[in-house]
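Asks: Below: one structure in structure tokens.
This is how it looks when you write it as structure tokens:
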């Protein structure tokens, strides 16, 4: 079969005779994409995972010795490319660890992500007939990232390398919003000429007015020269330094202001906020469509962040409680309630577990609990307490199909709930990350 090569920076090509004499490289057909964006194939009946491959690729793969029972391979040559394969748009692709799927058409990325969710529910939750709708695509697939944390090392600024801690220097990232890229280019040029000791990371957030707020993670406060450089950078609205657990404002604003779906939100550097603002209104709309009822007596949002969903739901509930343990996010949520003139939402600055204990002590029986946990999902204690609380509806927003599947299995095993639907959304085009909304209704409701 004739070799067809695409514009990917694979490992060094080898002469075919050397390949077969050493038996280090084997032909592999990729069967499917799995979590992490890896292609899955077989060598002598053993599973092998191959980064930057696509379903139906026929490739020559250098097979690494198994580690902990897992075999990995790297593409040496594409013999017959998959129909979904395209040329990546970034010169740093396969070296920078920021993206995993640039080599696939966007439509195929969406379908592969739906299948990853389907497999997680089948394999980890034991569900054979869960309704998983098509993955909702992002209106913007380039320039959609409104927030980024870049690593700094030895005068270099960039994302960490693929499967390594090495910093890949960048002056431009196609996924970042325009003025973040302007700031990145300015800062990268400065760093290459004047490496800064003690600087470990640069965080940037671009607000609705295209202004950038910068946070430096350092082991001590910076000198006046760096502060002056930041002031001179186009559209930087403010800068702060995080030293340990303390944030020091250098000048300007230490938070971003973001408008979405008719509401305005303050977002501090330490607060969680969805970075794809082009898809966030769709996520909000899908959650609101999933909520059952327009007159909720009591509702709870766990892991509430800056209060986005609680504020959006406030018109459909008499009382809502937004639970958030992170201090910066809880303070942002309070400020956002005030600026949006919301009076029926209470911010509870506790962990999810302690907040649920508080609900029991107050004898609060919510109709709705909305959950938006970090990648680790729900702790066993939180799952157990939720099953005792027994709200009429549970809505779970997840950024990790594996922990979502684990938690779905636990929730369904209680016998108290049925899974209504799972909706994947592509908040992170060209990466392996997947967002999902799962809806549960209490049985006999």
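In the numbering used here, the protein residues as written are -6 to 438.
All C-beta atoms in this analysis are idealised placements derived from N, C-alpha and C, irrespective of residue type, glycine included.
#1: So the beta strand (DSSP E) residue 17 belongs to, where does it begin and stop?
#2: Starting from the N-terminal side, write out each stretch of the beta strand (DSSP E) that is 3 residues or longer and does not extend beyond the segment 278 to 365.
#3: So what does DSSP say about residue 249, is it helix, strand or coil?
#4: Determine contact between the segment 118 to 134 and the segment 152 to 167, defined as no fewer than three beta-carbon pairs at a distance below 8 angstroms.
#5: Note the first and the last residue of the continuous alpha helix (DSSP H) segment covering residue 179.
#6: Does the segment 254 to 261 come into contact with the segment 318 to 331, if we say contact requires no fewer than three beta-carbon pairs (one atom in each stretch) closer than 8 angstroms?
#7: For the segment 145 to 152 and the segment 179 to 191, state whether three or more C-beta atom pairs, one from each stretch, are separated by less than 8 angstroms.
#8: On the three-state DSSP scale, how would you describe residue 220?
#9: Compare the C-alpha of residue 103 against each of 431, 417 and 432 and name the closest.
#10: Look at the alpha carbon of residue 256 and the alpha carbon of residue 333, and state the distance between them as a whole number of angstroms.
#11: If you follow the beta strand (DSSP E) that residue 125 is in, where does it begin and where does it stop?
#12: The alpha helix (DSSP H) that contains residue 105, what's its start and end?
#13: My understanding is that residue 197 touches residue 236, with C-beta atoms under 8 angstroms, so please give their C-beta distance in whole angstroms.
#14: For residue 377, does the three-state DSSP call read helix, strand or coil?
#15: Using 8 angstroms as the cut-off, can you tell me whether the segment 83 to 90 makes contact with the segment 26 to 39, which would need three or more C-beta pairs spanning the two stretches below that distance?
#16: Assign residue 404 to one of three DSSP states: helix, strand, or coil.
#17: Following the continuous beta strand (DSSP E) through residue 211, name the residue where it begins and the one where it ends.
#18: If you draw a straight line from the C-alpha of residue 252 to the C-alpha of residue 201, how long is it?
#19: Between residue 19 and residue 53, what straight-line distance do the alpha-carbon atoms span, to the nearest angstrom?
#20: Roughly how many angstroms separate the alpha carbons of residue 513 and residue 365, rounded to a whole number?
#21: Report yes if the CB atom of residue 276 is closer than 7 angstroms to the CB atom of residue 292, and no otherwise.
#22: Contact between the segment 355 to 365 and the segment 325 to 332: three or more CB pairs below 8 angstroms?
#23: Find out if the Cβ-Cβ distance for the pair residue 232, residue 205 is shorter than 7 angstroms.
#24: When you compare each of 171, 395 and 76 to residue 51 by their alpha carbons, which one comes out closest?
#25: To the nearest whole angstrom, what separates the beta carbons of residue 59 and residue 23, a pair I think is in contact under 8 angstroms?
#26: Using a Cβ-Cβ cut-off of 6 angstroms (strictly less than) and excluding sequence neighbours within five positions of residue 139, which residues of its own chain qualify?
#27: Note down, in chain order, each residue of its chain lying with its Cβ closer than 8 angstroms to the Cβ of residue 167, except the 5 sequence neighbours on either side.
#28: Helix, strand or coil: how does DSSP classify residue 162 here?
#29: Taking 7 angstroms as the cut-off, decide whether the C-beta atoms of residue 209 and residue 234 are in contact.
#30: Short check: CB of residue 348 to CB of residue 357, under 7 angstroms?
#31: What does the alpha-carbon distance come out to for the pair residue 37 and residue 394?
Replies: So, to answer that:
#1: Counted from its first residue, the chain shown places residue 17 at position 24. Segment: none, residue 17 is in no beta strand (DSSP E) and carries neither H nor E.
#2: 289 to 295, 310 to 316, 338 to 341 and 361 to 364
#3: As a position in the chain shown, residue 249 is number 256, starting the count at 1. DSSP places residue 249 in strand when its eight states are reduced to three.
#4: no
#5: By one-based count along the chain shown, residue 179 stands at place 186. Its alpha helix (DSSP H) spans residues 171 to 186.
#6: yes
#7: yes
#8: Mapped onto the chain shown, residue 220 falls at position 227. DSSP places residue 220 in helix when its eight states are reduced to three.
#9: Working through the chain shown from its first residue, we reach residue 103 at position 110. Per the Cα distances, 417.
#10: Residue mapping note: residue 256 aligns to position 263 of the chain shown, counting from 1. Residue mapping note: residue 333 aligns to position 340 of the chain shown, counting from 1. Each residue's alpha carbon lies about 7 angstroms from the other.
#11: Reading the chain shown from its first residue, position 132 is the one you call residue 125. It is not in any beta strand (DSSP E) - residue 125 carries neither H nor E in the DSSP assignment.
#12: Within the chain shown, the letter at position 112 stands for residue 105. 99 to 116 is the span of the alpha helix (DSSP H), which, as asked, contains residue 105.
#13: In the chain shown, the residue the question calls residue 197 occupies position 204. In the chain shown, the residue the question calls residue 236 occupies position 243. With a Cβ gap of about 18 angstroms, residue 197 and residue 236 do not count as contacting.
#14: Here residue 377 is taken as the residue at index 384 of the chain shown, counted from 1. Of the three classes helix, strand and coil, the one that applies to residue 377 here is helix, per DSSP.
#15: no
#16: For the purposes of this step, residue 404 is taken as the residue at position 411 of the chain shown. Residue 404: helix per DSSP, three-state reduction.
#17: Here residue 211 is taken as the residue at index 218 of the chain shown, counted from 1. Unbroken beta strand (DSSP E) run through residue 211: 205 to 211.
#18: Counted from its first residue, the chain shown places residue 252 at position 259. Counted from its first residue, the chain shown places residue 201 at position 208. Rounded to the nearest angstrom, the two C-alpha atoms are 6 angstroms apart.
#19: As a first step, residue 19 is located in the chain shown; it is residue number 26 there, counting from the start. As a first step, residue 53 is located in the chain shown; it is residue number 60 there, counting from the start. Whole-angstrom Cα-Cα distance: 5 angstroms.
#20: Residue 513 lies beyond the residue range present for the chain, which begins at -6 and ends at 438; the question has no answer from this structure.
#21: Along the chain shown, read from residue 1 onward, the residue named residue 276 stands at position 283. Along the chain shown, read from residue 1 onward, the residue named residue 292 stands at position 299. No, the Cβ-Cβ distance between residue 276 and residue 292 is not below 7 angstroms.
#22: no
#23: For the purposes of this step, residue 232 is taken as residue 239 along the chain shown, with counting starting at 1. For the purposes of this step, residue 205 is taken as residue 212 along the chain shown, with counting starting at 1. Contact: no.
#24: Your numbering for residue 51 matches position 58 in the chain shown. Ranking the options by Cα distance to residue 51, first place goes to 76.
#25: Within the chain shown, the letter at position 66 stands for residue 59. Within the chain shown, the letter at position 30 stands for residue 23. Rounded, the Cβ-Cβ distance is 19 angstroms, inconsistent with contact.
#26: What you label residue 139 is simply residue 146 of the chain shown in a count that begins at 1. Within the same chain, residue 139 has close Cβ partners 170, 199, 268 and 270.
#27: To locate residue 167, count along the chain shown from 1; it is residue 174. Only 82, 83, 135 and 136 meet the Cβ criterion.
#28: The count along the chain shown starts at 1 and reaches residue 162 at position 169. DSSP places residue 162 in strand when its eight states are reduced to three.
#29: Along the chain shown, one-based indexing puts residue 209 at 216. Along the chain shown, one-based indexing puts residue 234 at 241. A contact, by the Cβ cut-off of 7 angstroms.
#30: Indexing the chain shown from 1 puts residue 348 at position 355. Indexing the chain shown from 1 puts residue 357 at position 364. In this structure, residue 357 does not lie closer than 7 angstroms to residue 348 by Cβ.
#31: Taking the first residue of the chain shown as 1, we reach residue 37 at position 44. Taking the first residue of the chain shown as 1, we reach residue 394 at position 401. So the two alpha carbons sit approximately 29 angstroms from each other.
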